[in-house]
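A.B. asks: Numbering (our numbering), first residue to last: 1 to 241. The C-beta atom is built at its ideal place from N, Cα and C for all residues, glycine as well. Source: prediction; values computed, not measured. My structure is below; once you've seen it, I'll send some questions.
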């Protein structure tokens with residue numbers, strides 16, 4: 001089914017934010033300017049922040065017949081209405097496979113692939129590591145404001161996608177952190193809604209190569225290693241900015 005327009009209810013009958021982001025990212029990029037969201041007094045504030053990243057008009061549900069129905073004809077026949085999503089490509093500024101870790105940055109394991117990206121005043125830290133005993137990859141990330149130390153982006157939608165389609169999604173927590181698990185793929189990128197109608201695109205390295213290099217490093221002779229940290233202390237270590 002390929003709808004011409006969509007009316008979304010802010011009380012969606014799904015169990016996770018990741019499901020919502022996955023569904024919305026696939027649908028709304030095709031329906032720019034032709035979707036609205038119905039809100040209620042009891043609507044989930046976190047979910048409303050996710051909707052804001054897609055720059056969706058909000059209509060109180062009790063006014064739906066007054067405000068939405070008169071506009072449906074316009075929404076269906078004027079396909080270019082509404083703002084387009086501004087997307088900015090992030091620049092890779094650090095890759096632990098190409099250069100040593102800077103002072104103050106510690107790798108969770110010697111085989112971790114640590115990357116740092118920037119896009120304007122937004123910084124994105126990314127860690128890639130292989131799951132032991134499988135070919136799947138764990139991705140840990142954190143989104144921060146470079147010019148506002150200690151400021152993180154909360155409830156930002158994060159979508160992992162190939163050239164063809166999204167394959168995973170989540171939202172950031174209160175520390176701006178997120179986690180995704182996926183199978184290796186040669187062409188992957190993250191798309192992050194950093195503020196209303198503004199997205200950052202992060203090109204990831206080929207995950208298959210990252211896994212191979214990581215496994216080789218794990219089996220290399222013992223050598224001096226960076227001090228590690230446990231995953232549950234992830235946020236505390238990243239609050240250095």
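Assuming residue 18 and residue 164 make a contact with CB atoms under 8 Å, what is their CB distance in whole Å?
C.D. replies: Residue 18 to residue 164, Cβ: 19 Å. No contact.
A.B. asks: Alpha carbon to alpha carbon, how far is residue 64 from residue 188? Give it in angstroms, no decimals.
C.D. replies: Approximately 39 Å between the Cα atoms of the pair.
A.B. asks: So for residue 175, helix, strand or coil by DSSP?
C.D. replies: If DSSP states are grouped into helix, strand and coil, residue 175 belongs with coil.
A.B. asks: So, with DSSP's three-state summary, where would you put residue 49?
C.D. replies: DSSP places residue 49 in helix when its eight states are reduced to three.
A.B. asks: Per DSSP, which one or two residues make a beta bridge with residue 181?
C.D. replies: Partner(s): 138.
A.B. asks: On the DSSP letters alone, give me the boundaries of the beta strand (DSSP E) that residue 198 sits inside.
C.D. replies: Counting along the chain, the beta strand (DSSP E) containing residue 198 begins and ends at 198–203.
A.B. asks: Hey, residue 37 and residue 51 are a contact pair by Cβ (cut 8 Å); roughly how many whole angstroms apart?
C.D. replies: Confirmed, Cβ separation roughly 5 Å.
A.B. asks: Is it the case that the Cβ atoms of residue 147 and residue 172 are separated by a distance below 7 Å?
C.D. replies: Not in contact: residue 147 and residue 172 (Cβ atoms no closer than 7 Å).
A.B. asks: Could you have a look at residue 161 and say whether DSSP puts it in helix, strand or coil?
C.D. replies: Looking at residue 161 - three-state DSSP - the assignment turns out to be strand.
A.B. asks: Under three-state DSSP, which class holds residue 28?
C.D. replies: Helix, per DSSP.
A.B. asks: Taking 7 Å as the threshold (C-beta atoms), are residue 143 and residue 118 in contact?
C.D. replies: No, Cβ-Cβ distance for residue 118 and residue 143 is not below 7 Å.
A.B. asks: I'd like the list of long-range same chain contacts for residue 56, defined as Cβ closer than 8 Å, with 5 residues on each side in sequence excluded.
C.D. replies: Cβ neighbours of residue 56 beyond the five flanking positions: 8, 28, 35, 36 and 37.
A.B. asks: State the DSSP-derived secondary structure class of residue 19, mapped to helix, strand or coil.
C.D. replies: In this structure, residue 19 counts as helix in the three-state DSSP scheme.
A.B. asks: What are the partner residues of residue 130, as DSSP defines its beta bridges?
C.D. replies: 137, per the DSSP bridge assignment.
A.B. asks: What three-state label does DSSP hand residue 56 in the structure shown?
C.D. replies: DSSP places residue 56 in coil when its eight states are reduced to three.
A.B. asks: Nearest-angstrom Cα distance between residue 202 and residue 132?
C.D. replies: Approximately 25 Å between the Cα atoms of the pair.
A.B. asks: Mapping DSSP to helix, strand and coil, what is residue 147?
C.D. replies: Residue 147 falls in the coil class under three-state DSSP.
A.B. asks: With distances taken Cα to Cα, identify the nearest neighbour of residue 30 among 41, 54, 115 and 114.
C.D. replies: Closest option to residue 30, Cα to Cα, is 54.
A.B. asks: Given this structure, state the Cα-to-Cα distance separating residue 127 from residue 23, to the nearest angstrom.
C.D. replies: C-alpha separation (whole angstroms): 26 Å.
A.B. asks: DSSP three-state label for residue 95, please.
C.D. replies: DSSP places residue 95 in strand when its eight states are reduced to three.
A.B. asks: For residue 116, which of helix, strand or coil comes out of DSSP?
C.D. replies: If DSSP states are grouped into helix, strand and coil, residue 116 belongs with the strands.
A.B. asks: Ordered along the chain, which non-local residues of its own chain (more than five positions away) have a Cβ less than 7 Å from that of residue 176?
C.D. replies: Answer for residue 176: 142, 143, 144, 152, 153 and 154, listed in chain order.
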